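2 protein chains.
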Amino acid sequence: MGRKILIIGGVAAGPKVAARARRLDPDAQITILEKGEYISYAGCGMPYYLSGKIHDFDHLYSTAYGVKRDPEFFKAERGIDVLTGMEALAIDRANKKVTARNVATGEESVFEYDKLVLATGSNPITPPIENLNLKGVYRLNRLSDAPIIKQAMEAGEFNDVVVIGSGFIGMEAIDAVFSPMRTVTVVEFKDTMLPGILDPDLGKILYKNLYEQGLEGRFGEKVLRLEGQDGKVTKVITDKGEIPADAVVVAVGVRPNVKLAQEAGLTIGETGGILVNEYMQTSDPDIYALGDCVENTNIITGKKTLAPMATYANRQGRIVGDNVTGGKSAFKGVVGTGVLHCMGMNVARTGLGENQARDLGYDIETAMISTFDMTHYYPASNKVLLKMIVDKKTQRILGLQGIGKGEVAKRVDVVATLIYYGGTLDDLLNLDLGYAPPFSTPIDPLVHCGNTVKNKLEGIVNTYTAAEVQAKLERGDDFVLLDVRTPQQFATRNIDDPRVQQLTLGELRARLADVPKDKEIVTVCAMGSRAYEASRILKGAGFKDVKLMEAGMEGWPYDME
Amino acid sequence: MGRKILIIGGVAAGPKVAARARRLDPDAQITILEKGEYISYAGCGMPYYLSGKIHDFDHLYSTAYGVKRDPEFFKAERGIDVLTGMEALAIDRANKKVTARNVATGEESVFEYDKLVLATGSNPITPPIENLNLKGVYRLNRLSDAPIIKQAMEAGEFNDVVVIGSGFIGMEAIDAVFSPMRTVTVVEFKDTMLPGILDPDLGKILYKNLYEQGLEGRFGEKVLRLEGQDGKVTKVITDKGEIPADAVVVAVGVRPNVKLAQEAGLTIGETGGILVNEYMQTSDPDIYALGDCVENTNIITGKKTLAPMATYANRQGRIVGDNVTGGKSAFKGVVGTGVLHCMGMNVARTGLGENQARDLGYDIETAMISTFDMTHYYPASNKVLLKMIVDKKTQRILGLQGIGKGEVAKRVDVVATLIYYGGTLDDLLNLDLGYAPPFSTPIDPLVHCGNTVKNKLEGIVNTYTAAEVQAKLERGDDFVLLDVRTPQQFATRNIDDPRVQQLTLGELRARLADVPKDKEIVTVCAMGSRAYEASRILKGAGFKDVKLMEAGMEGWPYDME
Chain H
1 MGRKILIIGG VAAGPKVAAR ARRLDPDAQI TILEKGEYIS YAGCGMPYYL
51 SGKIHDFDHL YSTAYGVKRD PEFFKAERGI DVLTGMEALA IDRANKKVTA
101 RNVATGEESV FEYDKLVLAT GSNPITPPIE NLNLKGVYRL NRLSDAPIIK
151 QAMEAGEFND VVVIGSGFIG MEAIDAVFSP MRTVTVVEFK DTMLPGILDP
201 DLGKILYKNL YEQGLEGRFG EKVLRLEGQD GKVTKVITDK GEIPADAVVV
251 AVGVRPNVKL AQEAGLTIGE TGGILVNEYM QTSDPDIYAL GDCVENTNII
301 TGKKTLAPMA TYANRQGRIV GDNVTGGKSA FKGVVGTGVL HCMGMNVART
351 GLGENQARDL GYDIETAMIS TFDMTHYYPA SNKVLLKMIV DKKTQRILGL
401 QGIGKGEVAK RVDVVATLIY YGGTLDDLLN LDLGYAPPFS TPIDPLVHCG
451 NTVKNKLEGI VNTYTAAEVQ AKLERGDDFV LLDVRTPQQF ATRNIDDPRV
501 QQLTLGELRA RLADVPKDKE IVTVCAMGSR AYEASRILKG AGFKDVKLME
551 AGMEGWPYDM E
Chain W
1 MGRKILIIGG VAAGPKVAAR ARRLDPDAQI TILEKGEYIS YAGCGMPYYL
51 SGKIHDFDHL YSTAYGVKRD PEFFKAERGI DVLTGMEALA IDRANKKVTA
101 RNVATGEESV FEYDKLVLAT GSNPITPPIE NLNLKGVYRL NRLSDAPIIK
151 QAMEAGEFND VVVIGSGFIG MEAIDAVFSP MRTVTVVEFK DTMLPGILDP
201 DLGKILYKNL YEQGLEGRFG EKVLRLEGQD GKVTKVITDK GEIPADAVVV
251 AVGVRPNVKL AQEAGLTIGE TGGILVNEYM QTSDPDIYAL GDCVENTNII
301 TGKKTLAPMA TYANRQGRIV GDNVTGGKSA FKGVVGTGVL HCMGMNVART
351 GLGENQARDL GYDIETAMIS TFDMTHYYPA SNKVLLKMIV DKKTQRILGL
401 QGIGKGEVAK RVDVVATLIY YGGTLDDLLN LDLGYAPPFS TPIDPLVHCG
451 NTVKNKLEGI VNTYTAAEVQ AKLERGDDFV LLDVRTPQQF ATRNIDDPRV
501 QQLTLGELRA RLADVPKDKE IVTVCAMGSR AYEASRILKG AGFKDVKLME
551 AGMEGWPYDM E
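Chains H and W supply the protein sequences, listed in that same order. Using the UniProt record's numbering, the first residue of the first sequence is number 1, and each one after it goes up by one. Using the UniProt record's numbering, the first residue of the second sequence is number 1, and each one after it goes up by one.
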């Protein structure tokens with residue numbers, strides 16, 4: 001008889017461990033215990049099922065070649081025993097046994113192991129909100145949540161929808177339920193959208209875009225309680241007011257499920273996840289843990305962090321599969337990459353955010369640019385905003401964030417790779433990235449962003465962020481905001497303030513006398529490149545105090561009605 | 001008066017140098033001499049203009065904000081003097097002067113310089129083919145070529161089109177002119193499509209795909225001469241036959257234009273390009289050169305190479321702009337990245353190809369996989385083929401090639417970044433790449449490809465390539481090609497040979513007795529993953545000689561009618 005590998009948890013990480021272990025050790029006895037009904041499913045696919053992009057619920061737990069990943073599949077194709085509806089109750093480490101209970105019958109059984117794998121995942125956080133048990137209140141965490149929401153949507157019970165939380169799950173929920181036929185409001189406790197994922201400046205611009213499509217956002221607002229009638233939710237009460245609601249989606253994040261590990265005396269880390277070494281071994285060398293239930297190491301900071309993402313669960317699954325069958329593979333950590341798509345906008349980020357970097361003591365420079373994701377003359381091109389965070393001393397790239405209708409995930413993947421190596425701006429500028437009109441620009445937007453940071457570091461360009469310009473306007477600073485777009489472009493959308501002066505770039509060299517030489521000049525255009533040219537012209541002409549506004553009007557979120 | 005910066009060449013590299021130099025030095029006198037009519041244009045955009053994706057010819061030389069980049073623009077916005085129709089004749093290095101001739105009037109002028117920049121580009125190679133001067137014979141190298149072809153297409157003179165050459169320009173020409181209403185034939189001297197860019201295995205599969213859309217290809221065939229009637233081309237005569245043609249596009253590559261440099265006594269490198277150091281300085285420290293006319297260093301091999309690509313011209317432009325104004329920026333070299341889009345297929349490559357690596361003495365392992373570019377259940381997902389080349393000893397990644405309707409450029413950019421750092425398979429497996437269903441799979445296709453190479457290196461999986469299987473079939477080897485797809489899938493398309501046996505994966509464990517134990521077994525499926533499972537099952541069951549065919553039927557090009 002081969003070695004006994006017992007896996008607790010059958011959603012993502014567990015089945016991956018089992019599959020890898022099976023390939024490496026045909027003789028092993030591999031068993032998965034899963035409390036729920038579904039196994040090996042694509043939780044990340046739920047929003048697309050709800051929005052109708054994916055028609056068939058079964059697709060969420062089928063292989064690429066169309067076979068349902070149910071216990072029969074695991075037995076027939078993989079030789080793996082999967083027991084669903086089986087809840088692990090306790091680990092007897094001394095005797096290497098796990099007690100489990102059949103959820104339906106209550107019957108208890110004992111499973112022996114040589115190697116035990118904890119893939120117990122995470123539990124949705126229940127926020128301190130009164131009346132969450134009302135009808136019409138939903139979650140979007142487990143696969144079984146999806147058909148419940150779908151049914152309610154189809155029954156016309158999603159008209160005034162409130163999504164609580166604008167993290168990854170909240171944004172996925174918004175993407176899933178948003179429709180011009182519904183009123184969708186997101187309530188976020190923090191001040192901006194996707195807090196902790198996007199810096200506030202990008203969060204604001206993202207929200208501006210979604211707002212223009214019809215999403216309502218309430219930021220810096222705390223949900224206190226729900227109110228209902230006949231047991232059904234009718235209102236969301238916040239610290240600032242109330243919102244009518246016939247459907248509420250609670251999406252305030254997850255917490256590692258460590259109960260079993262904790263009760264077995266395994267070490268729990270400072271973040272609340274199970275502590276593991278780089279081989280994904282817990283404090284008991286015969287017990288491995290992975291996925292949402294463990295804590296990870298951030299490669300940049302060396303600090304522990306929670307990272308409940310499907311990609312880590314899967315990649316760690318391969319590593320644990322190696323190690324429970326005698327291998328020695330290592331998971332080096334995470335750099336904090338995340339991507340999402342919501343209401344036509346792509347969002348991607350990696351590494352440290354601006355505030356995160358400052359809080360860690362880095363002396364940083366940043367730049368935000370607006371540009372096209374491929375040559376502007378190519379019809380499929382779209383705009384993107386990229387923001388890079390760089391350590392001043394070493395010119396090491398610490399982070400990148402991008403939003404837009406255009407391609408940002410590629411740029412984030414390249415920067416995630418750079419960060420893995422501690423890459424600098426000079427490294428970025430020397431990367432041999434692919435260029436052809438349908439894919440990129442001759443100088444990739446990412447490199448353009450790096451060049452801008454470099455220009456700032458070298459004093460070639462001086463900038464204000466949109467937030468800084470807004471603060472100057474509000475403070476009543478005396479300066480000229482020189483908009484160098486054409487009059488037609490200016491008329492379409494501009495910053496409404498007497499300090500704004502329009503003067504087309506092409507005329508600037510000839511009309512320098514029209515620009516006050518004694519005042520601070522801040523140049524602005526649509527996306528930033530003309531403002532840059534204008535600032536160089538003015539400096540060349542002896543203007544002393546010239547700056548440009550980063551990312552132009554594309555980066556300006558302060559004119560929402 | 002500021003320093004005199006004289007730039008010869010106004011297509012891509014030259015204007016970039018000028019723009020950067022102007023930003024850094026407002027006082028410099030910057031002059032560009034350009035022989036042709038158009039400046040600062042997007043040569044890469046020509047195919048899209050021809051195919052109608054770009055309607056307006058002017059877009060090819062306009063800024064992102066819609067202003068034509070003509071001499072007036074350069075003067076007004078940039079303070080740069082651009083002289084078109086001005087051909088540089090000779091460099092007087094001792095006196096730092098350049099003689100040039102007005103192409104229209106024949107008048108000669110002399111231009112002084114402090115720093116001279118050679119951006120003389122490349123010339124299309126004229127192959128030894130008779131009668132290239134017939135009417136109906138076209139090039140696709142200079143912007144002025146585009147309207148000529150466009151006009152001929154609109155005049156109905158593109159019915160039987162022959163494209164000579166299937167390198168980057170040839171493929172762009174195919175993409176531009178292909179239509180179901182035309183007969184388009186590509187004639188390639190080498191044995192496969194995109195030789196030197198794609199390995200033959202991928203080249204064959206790419207061609208199979210384009211062939212199924214209607215493209216005719218003739219490989220390993222040499223064009224000897226053209227024949228015509230009334231001065232107009234009617235036939236292409238090759239060493240193997242003839243092809244009717246009313247339009248011929250000659251696309252056999254380019255050669256660096258080094259005449260001026262050579263005559264001035266500057267060192268020309270072994271490859272035929274102008275020799276430059278990492279600061280893009282020629283053998284005369286006051287003369288810089290960049291773009292198509294110089295030779296580059298391959299970062300992996302350290303060898304000199306020609307790399308006539310727009311992205312290098314632009315990136316080097318920034319570096320030369322720095323250095324002619326007193327800076328010291330370096331261009332470290334190229335790794336050989338290239339991307340293109342042709343007839344709905346994306347093609348991308350970086351680093352060394354398989355044969356290239358072997359020729360350089362590397363002991364390599366490769367893997368080809370077929371997979372989806374994002375989660376298979378996401379409706380926008382598409383298939384891709386990826387092939388990775390890895391150095392066995394160090395597990396260093398040497399190259400990646402990808403083709404498919406799906407996303408391959410992102411994966412190539414990540415590998416180009418890895419290669420820059422000498423990255424290994426372990427590094428790849430530890431990259432924190434972004435995952436969400438619209439962007440990727442939980443384990444990115446690229447990482448999946450790396451895992452496959454690793455499995456091969458560790459003996460966990462043994463494979464044959466499609467070419468090896470085809471050779472076995474042709475040789476008459478005695479083996480079983482075990483197709484583990486369903487009977488329905490098998491019926492749709494299969495390899496027609498008595499050695500092929502169909503046995504669905506889900507039944508394999510129960511029907512092991514049906515598989516001959518004394519023969520070599522090669523498993524095959526649609527894309528490779530079921531074949532992998534099947535091979536592990538067979539090995540686990542004691543079958544000694546089991547391999548799988550890489551990339552499944554997706555990687556099989558040998559059943560073209």
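Every residue gets a Cβ at the ideal spot worked out from N, C-alpha and C, and that includes glycine. No experiment lies behind these values; they were computed from the predicted model shown.
Relative to the alpha-carbon of residue i, which residue among the options has its alpha-carbon at the smallest distance?
i                : options                                : result
Gly402 (chain W) : W:Lys454, W:Thr271, W:Gly43, W:Val347  : W:Val347
Val480 (chain W) : W:Val524, W:Pro557, W:Ala173, W:Lys456 : W:Val524
Glu221 (chain H) : H:Ser144, H:Tyr49, H:Ala18, H:Thr238   : H:Thr238
Tyr288 (chain H) : H:Ala313, H:Lys304, H:Gly338           : H:Ala313
Glu37 (chain W)  : W:Ile5, W:Ser51, W:Gly85               : W:Gly85
Lys539 (chain H) : H:Met549, H:Asn462, H:Arg475           : H:Asn462
Val187 (chain W) : W:Phe168, W:Val163, W:Pro195           : W:Val163
Ala245 (chain H) : H:Lys235, H:Arg3, H:Gln470, H:Gly253   : H:Lys235
Gly476 (chain H) : H:Asn494, H:Gly253, H:Pro498           : H:Pro498
Give a yes or no on whether the minimum CB-CB distance between residue i and chain H is below 8 angstroms.
i                : result
Val335 (chain W) : yes
Thr311 (chain W) : yes
Thr301 (chain W) : no
Leu433 (chain W) : yes
Thr297 (chain W) : no
Asn314 (chain W) : yes
Glu77 (chain W)  : yes
Asp545 (chain W) : no
Taking CB distances under 8 angstroms as the criterion, tell me whether residue i reaches chain W.
i                : result
Ile54 (chain H)  : yes
Ile30 (chain H)  : no
Leu400 (chain H) : no
Arg23 (chain H)  : yes
Tyr279 (chain H) : no
Gly290 (chain H) : Correcting the residue identity first, residue 290 (chain H) is Leu in this sequence and not Gly. Taking Cβ atoms only, chain W never reaches closer than 8 angstroms to Leu290 (chain H), which makes this a no.
Ser370 (chain H) : no
Leu505 (chain H) : yes
Asn451 (chain H) : yes
Asp92 (chain H)  : no
How about residue i and residue j: are their beta carbons less than 8 angstroms apart?
i                : j                : result
Leu290 (chain W) : Ala119 (chain W) : yes
Leu132 (chain H) : Val250 (chain H) : yes
Ala551 (chain W) : Gly528 (chain W) : yes
Gly423 (chain H) : Ile397 (chain H) : yes
Tyr138 (chain H) : Ala247 (chain H) : yes
Ile521 (chain H) : Val500 (chain H) : no
Glu295 (chain H) : Ile274 (chain H) : yes
Glu278 (chain H) : Lys332 (chain H) : yes
Could you work out which residues of chain W lie near residue i, taking near to mean beta carbons separated by less than 8 angstroms?
i                : result
Arg511 (chain H) : Correct list: empty, because the minimum Cβ distance to chain W is about 11 angstroms.
What whole-angstrom Cβ distance do residue i and residue j have, given they're in contact under 8 angstroms?
i                     : j                : result
Arg78 (chain H)       : Ala18 (chain H)  : 7 angstroms
Leu50 (chain H)       : Val177 (chain H) : 7 angstroms
residue 562 (chain W) : Ile30 (chain W)  : Nothing can be reported for residue 562 (chain W), as the shown portion of chain W is limited to 1 through 561.
For residue i, which residues in chain H fall below 7 angstroms Cβ to Cβ?
i                : result
Ala436 (chain W) : Cys44, Val339, Leu340, His341
Phe439 (chain W) : Val339, Ala409
Tyr38 (chain W)  : Those do not exist, as Tyr38 (chain W) stays about 14 angstroms from chain H at its closest Cβ, beyond 7 angstroms.
Lys332 (chain W) : Asn430
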